[in-house]
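**Q** My questions will all concern the structure given below.
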Amino acid sequence: MKNWLVGILLLVVLSISPGIVLALSPPPIPAYYSGSVTVNGSPAPDGTAVFAKIEDYTSKSVTTSGGSYKDFLVEPPDGTYINETIEFWVDVPGDLLPKAVRTDVFEQGNHDLSFDLAMTATAATVTTNSATDVGTSSATLNASIGYGDYSSVDIRFRYKVQVAGWFYTPLSSGYTGASYSIGISGLDSDATYEFEAEISFYGISVSGGPKTFTTAPVSPQPPPPSPPTGDTTPPPTPSLISPADGENLIYNIPLLDWSDVSDPSGVTYDLSIARDAGFTSIVLQKTDLTASAYEITSAEALVDDNYYWHVRGVDGVGNVGSWSENWSFMVYVPPTLATLTADTTPIKASVYVDGALWGTAPQTKSVAAGTYTISFGDLLDYLTPPPQTVTLSAGEMRTVTGVYTELVPAPEFELSNLVVDPSEVGPGETVTVSIAVTNVGEFEGTCTVTLKINNVVEATEDVTLAGGATETVTFTVSRDVEGTYNVEVDGLTGTFVVTTPPPSPTVPLALAVTGIALLAGGLGYAVYRQKKLTRLRKTQLRRLKQLKNIEEGKE
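The numbering used here puts the sequence shown at residues 119 to 673.
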């Protein structure tokens, strides 16, 4: 009855205070995880963070090395997290956003669990939108960006007219906006242009698809007023403004500007560009220009060279003014560059491009289109990757990665204590040859032990030993022919001898028969003698008994 009351009391207490049971429950045993981490099928970069979430609990993170992580501790504060869903997150350094890549059930007592984490990043996207603010020589190019699992992208536009080569806008690095716009100028009037947006991220390039726009035609200028009768005075000489005399230009469609001049009958301008100061090698000649500036069109684009230019005015009645002073300028258009990244894995090392040191990987630089050879510096205990040659086109972005292989030191073996036993045997009898093999190095390896008899390989045996371990290898051999045999194992030598034992001595037949007869006779006599002695003892005992009986009767 007393036991029942105690049980009922305990049940009541536990029912009223269920927190007591929770407070007494042991904390979960921590779980350790290890495994590989890949991003889009390639090993994750060093420094990639791995962490876990269980409801409101977030673990501390570990970082990867060589595409792997280990000793990742997940230790929630109490037992309420057992059997809940655990999410594994990967955070790649750079432009990628953290992402949950795998789930599991967190169980108490999980130890040394191997979890391989594969992160498939959703690629960023770009859409080329219609051009806006299209004028006679300018327009605004537009695009929309979807970032996927990336935090930023590099973006630019390329555009061209008809079959001409591509022009590129400056690259905007690390862009984070949802839309992108940039204005361009220097376009031909009344011309159709093709353009498209391009983004790059994590070594990937994506195009937004082509769009077109057509520039507006130039409005016709009103005719000049009628000249007064008898005008013979030419217009004043213009003054050159830009480009400045001797200026170096990095674009090939410059705007040439000069001062306005006036005349009662109106003024047009003649423009002349030549390769020499004497204007004998004319490159471009324009007449009847109504504005005091002229922008060279894409079709008239200048090649890299030195140029001279001057202008003059012509009034409405045909009076021609004097040429302005001659100014010069130089055109040098840098080639559209490519982007080259030289990297190494799983360890960072020096990288060289065409023999020139760029620094410690990763290194990214803008280079001219062409062919480059990327080589990699030597590292202690690693096999240096071979050089790689790549050919880059203008605007291309390429990453070249050298993969280092760790060199495992070779084991080192010593052989000692050669024993040949026995050293002398008969034909066909076995001889045991034993030798001690010791791995004096630090790393496990396999040693091939070769036994030679008279310089001919008799047998081999492979023995695998950990660093510092010793094992005895034993061979058995035999020979049917008499002689001395030389034994050799890894430079250690010994011998054994095969000999025939001497024959047993022979006894003449007559002597043997005589000996057998004598032996038989001796044995027969001994048997006869023994029987006679036995009968004598029995007779003596019988007489003694009779005498004893006679004496007892007298008494």
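Cβ atoms here follow ideal geometry from the backbone N, Cα and C, with glycine treated the same way.
Would DSSP call residue 422 helix, strand or coil?
**A** In this structure, residue 422 counts as coil in the three-state DSSP scheme.
**Q** Can you find the residues in the same chain that come closer than 6 Å, C-beta to C-beta, to residue 277, ignoring five residues on each side of it along the sequence?
**A** Excluding sequence neighbours, residue 277 sits near 285, 311, 313.
**Q** Suppose the cutoff is 8 Å on Cβ atoms and the five residues either side in sequence are ignored; what does the same chain contact list for residue 371 look like?
**A** Contacts found: 304, 413, 414, 415, 416, 418, 419, 420.
**Q** When the Cβ atoms of the stretch 234 to 244 are set against those of the stretch 154 to 172, are three or more pairs found closer than 8 Å?
**A** Enough Cβ pairs lie closer than 8 Å, so yes.
**Q** Excluding the five sequence neighbours on either side, which residues of its own chain have a C-beta within less than 6 Å of the C-beta of residue 177, listed in chain order?
**A** Taken in chain order, the residues that qualify are 169, 170, 192.
**Q** Mind checking who residue 480 pairs with in its DSSP beta bridge?
**A** None, per the DSSP bridge assignment.
**Q** So what's residue 199 in DSSP terms, helix, strand or just coil?
**A** Here residue 199 sits in helix by DSSP.
**Q** Taking DSSP as the reference, what is the three-state secondary structure of residue 399?
**A** It is coil, neither helix nor strand.
**Q** Measuring alpha carbon to alpha carbon, tell me which of 392, 409, 497, 366 ends up nearest residue 523.
**A** Out of 392, 409, 497, 366, 497 has the C-alpha closest to the C-alpha of residue 523.
**Q** Taking only three categories from DSSP, how would you classify residue 242?
**A** Residue state, collapsed to three classes: coil.
**Q** Let me check one thing: in DSSP terms, what residues is residue 80 bridge-paired to?
**A** Nothing can be reported for residue 80, as the shown portion of the chain is limited to 119 through 673.
**Q** In terms of residue numbering, what span does the beta strand (DSSP E) encompassing residue 280 cover?
**A** Neither: residue 280 is in no beta strand (DSSP E) and is coded neither H nor E.
**Q** Taking the beta carbon of residue 142 as the centre, do at least 16 other beta carbons fall within 10 Å, making it buried, or is it exposed?
**A** The predicted position of residue 142 is uncertain, since its pLDDT is 46 and thus under 50; no value can be drawn from it.
**Q** Relative to the C-alpha of residue 163, which residue among 292, 456, 321 is closest?
**A** The residue with the shortest Cα to Cα distance from residue 163 is 321.
**Q** Buried or exposed for residue 329, going by 16 or more other Cβ atoms inside 10 Å?
**A** With 16 or more Cβ atoms within 10 Å of its Cβ, residue 329 is classed as buried.
**Q** Using CA atoms only, rank isn't needed, just tell me which of 506, 408, 381, 367 is closest to residue 350.
**A** Considering only alpha carbons, the answer is 381.
**Q** Please report the distance separating the alpha-carbon of residue 579 from that of residue 589.
**A** If I take the Cα positions, the gap works out to 12 Å.
**Q** If contact is defined by three or more beta carbon pairs under 8 Å, each pair taking one atom from either stretch, is the stretch 436 to 451 in contact with the stretch 460 to 473?
**A** Verdict: no, contact absent.
**Q** What is the residue span of the beta strand (DSSP E) that residue 220 lies within?
**A** Here the beta strand (DSSP E) through residue 220 covers 217 to 223.
**Q** Using the DSSP secondary-structure output, state which residues sit across from residue 404 in a beta bridge.
**A** Beta-bridge pairing links residue 404 to 389.
**Q** Any idea which residues DSSP pairs residue 572 with across the strands?
**A** Its beta-bridge partners do not exist; DSSP assigns none.
**Q** Can you tell me where the beta strand (DSSP E) holding residue 455 begins and where it ends?
**A** Segment 455 to 463, the beta strand (DSSP E) holding residue 455.
**Q** Which stretch, first to last residue, makes up the beta strand (DSSP E) that contains residue 308?
**A** Neither: residue 308 is in no beta strand (DSSP E) and is coded neither H nor E.
**Q** Can you tell me whether residue 140 is buried or exposed, with buried defined as 16 or more other CB within 10 angstroms of its CB?
**A** Note that residue 140 has pLDDT 40, beneath the 50 cutoff, so the model's placement of it is unreliable and the number below is only indicative. Result: exposed.
**Q** So, are the CB atoms of residue 290 and residue 273 less than 8 Å apart?
**A** Taking 8 Å as the Cβ cut-off, residue 290 and residue 273 qualify as a contacting pair.
**Q** Return the CA-CA distance between residue 507 and residue 480, expressed in angstroms with no decimal places.
**A** Spanning the two alpha carbons is a distance of roughly 17 Å.
**Q** Buried or exposed: which applies to residue 260, given that a residue is buried once 16 or more other Cβ atoms fall within 10 Å of its Cβ?
**A** Label assigned to residue 260: buried.
**Q** Would you give the residue range spanned by the beta strand (DSSP E) that residue 376 belongs to?
**A** Per DSSP, residue 376 belongs to the beta strand (DSSP E) from 373 to 376.
**Q** Grab me the residues of residue 576's own chain with a C-beta within less than 8 Å of its C-beta, minus the 5 sequence neighbours each way, in chain order.
**A** Excluding sequence neighbours, residue 576 sits near 569, 570, 593, 595.
**Q** Would you decide whether residue 60 is buried or exposed? Buried here means 16 or more other CB atoms lie within 10 Å of its CB.
**A** Residue 60 lies beyond the range of the chain shown here (119 to 673); nothing can be said about it.
**Q** Please list the terminal residues of the continuous beta strand (DSSP E) segment that includes residue 189.
**A** Unbroken beta strand (DSSP E) run through residue 189: 186 to 192.
**Q** Have a look at 491, 367, 516, 378 and flag the residue whose alpha-carbon is nearest the alpha-carbon of residue 423.
**A** For residue 423, the nearest C-alpha among the options comes from 367.
**Q** Classify residue 383 as helix, strand or coil using the three-state DSSP reduction.
**A** Coil.
**Q** Leaving out the 5 sequence neighbours to the left and right, which residues in its chain are closer than 8 Å to residue 526 when beta-carbon positions are compared?
**A** Closer than 8 Å at the Cβ level, and outside the excluded window around residue 526, lie 561.
**Q** When you compare only the Cα positions, how much space is there between residue 383 and residue 318?
**A** Approximately 58 Å between the Cα atoms of the pair.
**Q** Roughly how many angstroms lie between the CA atoms of residue 395 and residue 406, to the nearest whole one?
**A** Their Cα atoms are separated by approximately 23 Å.
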